[in-house]
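*Asks:* Please see the structure below; I have some questions.
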Amino acid sequence: MNGGKTITTHSPEETVEMSSRLAENLLEGDFIALIGDLGTGKTMFVKGLAKGLRIKDYLYVNSPSFVLLKEYHGKKHLYHFDVYRLDPESFCETLDYERYFYGNGITVVEWADKIRDVLPEDYLEVGIFFSEDTERRFEFRARGKRSGAVLDNI
Numbered sequence: 001m002n003g004g005k006t007i008t009t010h011s012p013e014e015t016v017e018m019s020s021r022l023a024e025n026l027l028e029g030d031f032i033a034l035i036g037d038l039g040t041g042k043t044m045f046v047k048g049l050a051k052g053l054r055i056k057d058y059l060y061v062n063s064p065s066f067v068l069l070k071e072y073h074g075k076k077h078l079y080h081f082d083v084y085r086l087d088p089e090s091f092c093e094t095l096d097y098e099r100y101f102y103g104n105g106i107t108v109v110e111w112a113d114k115i116r117d118v119l120p121e122d123y124l125e126v127g128i129f130f131s132e133d134t135e136r137r138f139e140f141r142a143r144g145k146r147s148g149a150v151l152d153n154i
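For the sequence shown, the tail end lands on 154 under our numbering, and the numbers increase by one without skipping.
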């Protein structure tokens, strides 16, 4: 496990720009595990990734809470999971998740701490925390060699 990095944003727009810049360093097969309370900005973070991946309709990115997975196609494929409503067993039974976790796109999972046992060995963990009104604190931790390279470029 590599060290970490912390970034504070002061508005939703700043969050989008920060994660958009991060997306420029992502490769197919990269995995991001988002962890944070309701309303901390997980989906806004994904919206920024979509922007950075040149997904045309990035402004329409929303949480797949009820459908579990949304796929977006741009410069690279983006697979966006939200496992808030699932327990770990039903997640594994409901979806062919390995196809996405180890596929040729970039995978982002909201509420990833709920399925920690099935996460890939190498992933970038992003903890998102409330700071003040619109401020958010993003704590990045690399959980492997490749995610360490991504972290070094944040």
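Each residue gets a CB set at the ideal place from its N, CA and C atoms; glycine is no exception.
In the DSSP assignment, what are the bridge partners of L78?
*Replies:* DSSP output for L78 lists Y72, I106 as bridge partner(s).
*Asks:* List the endpoints of the continuous beta strand (DSSP E) containing E155.
*Replies:* Residue numbering for the chain in the displayed model covers 1 to 154; residue 155 lies beyond these limits and cannot be assessed.
*Asks:* Exposed or buried, what is R176 when buried is set at 16 or more other beta-carbons lying within 10 Å of its beta-carbon?
*Replies:* No answer is possible for residue 176: it lies beyond the span of the chain, which begins at 1 and ends at 154.
*Asks:* To which residues does DSSP link I32 through a beta bridge?
*Replies:* Bridge partners of I32: V108, L124.
*Asks:* Just to confirm, is the Cβ distance from A112 to I35 under 8 angstroms?
*Replies:* Cβ distance < 8 angstroms, so A112 and I35 count as in contact.
*Asks:* Determine the closest residue to I99 out of D87, F81, L86, with distance taken between C-alpha atoms.
*Replies:* Here residue 99 turns out to be Arg, not Ile, going by the sequence shown. Of D87, F81, L86, the residue nearest in Cα terms is F81.
*Asks:* Compare the C-alpha of P120 against each of E135, G103, E14 and name the closest.
*Replies:* P120 has its Cα closest to that of G103, out of E135, G103, E14.
*Asks:* Given this structure, state the Cα-to-Cα distance separating Y79 from E132, to the nearest angstrom.
*Replies:* Distance between the alpha carbons of Y79 and E132: 30 angstroms.
*Asks:* Note down the Cα distance separating R136 from K47, rounded to an integer number of angstroms.
*Replies:* Answer to the nearest angstrom: the Cα atoms are 15 angstroms apart.
*Asks:* Hey, how far is the Cα of K70 from the Cα of G3?
*Replies:* Their backbone Cα atoms lie some 31 angstroms apart in a straight line.
*Asks:* Pull up the distance between the alpha-carbon of T8 and that of G105, whole angstroms please.
*Replies:* Cα-Cα distance, rounded: 27 angstroms.
*Asks:* So, for S147: in the same chain, excluding its five sequence neighbours on each side, which residues have a beta-carbon less than 6 angstroms away from its beta-carbon?
*Replies:* Once the five neighbours on either side are set aside, the close Cβ partners of S147 are D122, Y123, L124.
*Asks:* For T43, report the span of its alpha helix (DSSP H) as first-last.
*Replies:* Run containing T43: 42-52, per the alpha helix (DSSP H) assignment.
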